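Take a look at the structure set out below.
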Amino acid sequence: MSRSHDTETSPAAAGEGAAETAPVATIRVTYRKSAIGYARDQKPTVAALGLHRLHQTVVHADTAAVRGMVQKVRHLVSVDGVPADGPEPAVAAAAGGAAGDASNRRHS
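For the sequence shown, the positions run 1 to 108 when the numbering used here is used.
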């Protein structure tokens, strides 16, 4: 049995409305870090976003409610492949970015 990890929650995808509708803005949310050890209300928030496994990605309509849930667990998820909250200099240095190269060199 194959299960798709991408789900879409827009009304147009559900088949509602036969008339032309404006495209719904969507955001991709990826579960990056476990909720173990964090506040008790954060694990249900991750589940409410439709995330059950690490590295799972879901697509949601870009609404205030979804953005509020993402804001609450921003340290556990990433949006559109860009971490919402994390160590930017360490990521840039690991990726070979120019910003981290000069500061990480030893001067003799």
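The beta carbon of each residue, even a glycine, is placed where N, CA and C say it ideally should be. Quantities reported herein were computed from a predicted structural model and do not represent experimental measurements.
- In the three-state reduction of the DSSP assignment, R67 falls in the helix class, which pools H, G and I.
- Look at A25 here: in three-state DSSP terms it is coil, with no helix or strand label.
- Under a 10 Å Cβ-count criterion, A35 is classified as buried, with 16 or more other Cβ atoms of the shown protein chains found around its own Cβ.
- When beta bridges are read from the DSSP output, H60 appears opposite I27.
- Ranked by Cα distance from K72, the options T21, V29 and A25 are led by V29.
- In the three-state DSSP reduction, A35 falls in the coil class, being neither helix nor strand.
- Per DSSP, the unbroken alpha helix (DSSP H) holding V46 starts and ends at Q42 to A48.
- A25 is positioned such that its CB atom lies closer than 8 angstroms to that of D62.
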